Amino acid sequence: MRNLAIAVFSLAGLLAAPQAAHAQTCKVCADQRAACMKNYAGPACKTEYEICRKACKK
13 MRNLAIAVFS LAGLLAAPQA AHAQTCKVCA DQRAACMKNY AGPACKTEYE ICRKACKK
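Okay, so the sequence shown: first residue is 13 according to our numbering, each after it adds one.
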């Protein structure tokens, strides 16, 4: 279940809004992490957040 959540959030991070909405995309990462922490363990959420932040920087 945890792996599925990581995959879903990773895919969402990679398919995030284009470069024009860069700041908004980065905010989405924080929102996703907060939602993840309500349902899953910290390490899974940390990994997903780091992947999202990397995609956000591109």
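Yeah, the Cβ is synthetic: ideal placement off N, Cα and C, and Gly gets one too. Source: prediction; values computed, not measured.
| Item | Value |
| --- | --- |
| Would the beta-carbon of CYS41 fall within 8 Å of that of CYS68? | yes |
| Straight-line CA distance for ASN51 to ASP43? | 13 Å |
| So, under 8 Å CB-CB, CYS57 and ARG65 are touching, yes? Tell me the CB distance rounded to an integer number of Å. | Wrong, their Cβ atoms sit about 12 Å apart, outside the cutoff. |
| Going by DSSP in three states, ALA46 sits in which element: helix, strand or coil? | helix |
| For the alpha helix (DSSP H) holding TYR61, just list the boundary residues, first then last. | 54-69 |
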